[in-house]
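Notes for the one structure printed next.
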Amino acid sequence: MSAYASAATGVRLVDQADLGFVVRGGPPGAAYVARAIPEDGSSRLGVGFARWEGAKVSWTTLYEEVIFTIEGTLEVEAGGTIHQVKPGQVLCIPKYTELVYSGFALFGYVVYPGNWKQACEEESLEEPSSHWREC
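If you want this note's numbering, it's the 1-based position in the sequence shown plus 1.
Dropping the structure here:
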């Protein structure tokens with residue numbers, strides 16, 4: 002069996018309708034997030050879906066992030082600019098970006114590294130004075 006054939010056995014389809022969304026913001030409004038691939042499934046990439054229903058959530062990314070809207074419009078404010086991400090569009094967000102997510106949308110996301118929480122904890126242990134505030 003070739004390496005390509007054995008790699009294909011790990012192929013799996015994930016439907017956002019089958020995931021357990023957890024609350025990540027609101028009220029007002031609501032924000033829900035569901036990780037599509039468990040953290041133990043890939044430490045390289047974090048992949049999931051989110052539904053925003055009018056909530057505003059402030060965050061600083063501790064990872065690189067790509068967002069792609071499936072339905073509605075997601076607004077992401079970063080550096081004083083509001084990006085309206087509509088279906089068919091992708092927004093690329095660098096690590097350590099301060100932003101606010103808002104709007105009404107179903108969207109997918111990819112983050113790198115997928116194990117960013119663990120990576121931040123490890124960095125904090127190695128150099129607590131320089132990384133603690135970032136993680």
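For each residue, glycine too, the CB sits at the ideal point set by N, CA and C. Small disclaimer: the values here were computed from a predicted structure and weren't measured.
Task: TRP133 in three-state terms, based on DSSP - done: In the sequence shown, residue 133 corresponds to position 132, counting from 1. Bear in mind that the predicted position of TRP133 carries a pLDDT of just 32, short of 50, making it unreliable; the figure below should be weighed with that in mind. TRP133: coil per DSSP, three-state reduction.
- [ ] Might you give, ordered along the chain, the residues of its own chain that have their beta carbon closer than 8 Å to the beta carbon of GLY55, omitting 5 neighbours on each side?
- [x] Within the sequence shown, residue 55 is the residue found at index 54, counting from 1. Only residues of its own chain outside the window of five on either side were considered, and among them GLY27, PRO29, GLY30, ALA31, SER103, GLY104, PHE105 have a CB closer than 8 Å to the CB of GLY55, listed in chain order.
- [ ] Please check the pair LEU100 and GLU78, which I expect to be a contact at CB under 8 Å, by giving their CB distance rounded to whole angstroms.
- [x] Here the question's residue 100 lines up with position 99 in the sequence shown. Here the question's residue 78 lines up with position 77 in the sequence shown. Sure, about 6 Å apart at Cβ, within 8 Å.
Task: Best match in ARG45, GLY49, SER44 for proximity to VAL34 [C-alpha to C-alpha] - done: Within the sequence shown, numbered from 1, the residue matching residue 34 stands at position 33. Looking at ARG45, GLY49, SER44, the one whose alpha-carbon comes closest to that of VAL34 is GLY49.
Open item on the list: On the CB-based measure, 16 or more other CB atoms within 10 Å of its CB, does TYR110 come out buried or exposed?
Closed with: Start at 1 with the first residue of the sequence shown, and residue 110 comes out as number 109. Here TYR110 is buried, its C-beta having at least 16 other C-beta atoms within 10 Å.
- [ ] May I ask you to report which of helix, strand or coil DSSP gives GLN119?
- [x] Counted from its first residue, the sequence shown places residue 119 at position 118. Helix.
- [ ] Out of PHE22, LEU92, GLY80, LEU63, point me to the one whose CA is closest to LYS118's CA.
- [x] Taking the sequence shown and counting its residues from 1, one reaches residue 118 at position 117. Ranking the options by Cα distance to LYS118, first place goes to LEU63.
Task: Closest residue to PRO114 among VAL67, GLN17, THR74 (Cα-Cα distance) - done: As a position in the sequence shown, residue 114 is number 113, starting the count at 1. Of the candidates VAL67, GLN17, THR74, the one whose C-alpha sits nearest the C-alpha of PRO114 is VAL67.
Task: Residue from THR10, VAL12, PRO39, GLU72 whose Cα sits closest to the Cα of LEU20 - done: Residue mapping note: residue 20 aligns to position 19 of the sequence shown, counting from 1. Considering only alpha carbons, the answer is PRO39.
- [ ] May I ask you to list the residues that DSSP assigns as paired with LEU63?
- [x] Position 62 of the sequence shown, counted from the start, is the residue given in the question as residue 63. Answer is none; LEU63 lacks a bridge partner.
Open item on the list: Please return the same chain residues whose Cβ sits closer than 6 Å to the Cβ of GLU76, not counting the five positions on each side in sequence.
Closed with: Position 75 of the sequence shown holds residue 76. Excluding residues up to 5 positions away in sequence, ILE83, GLN85, SER103, GLY104 lie with their Cβ nearer than 6 Å to the Cβ of GLU76 in the same chain.
Open item on the list: I need the boundaries of the beta strand (DSSP E) containing PHE113, first residue and last residue.
Closed with: Here residue 113 refers to the residue found at position 112 of the sequence shown. Per the sequence shown, residue 113 should be read as Tyr rather than Phe. Taken as a continuous stretch (DSSP letters only), the beta strand (DSSP E) holding TYR113 covers 99-113.
Task: Host beta strand (DSSP E) of VAL25 (start-end) - done: Counting from 1 along the sequence shown, the entry for residue 25 is found at position 24. Per the sequence shown, the amino acid found at residue 25 is Arg instead of Val. ARG25 -> beta strand (DSSP E) spans 23-26.
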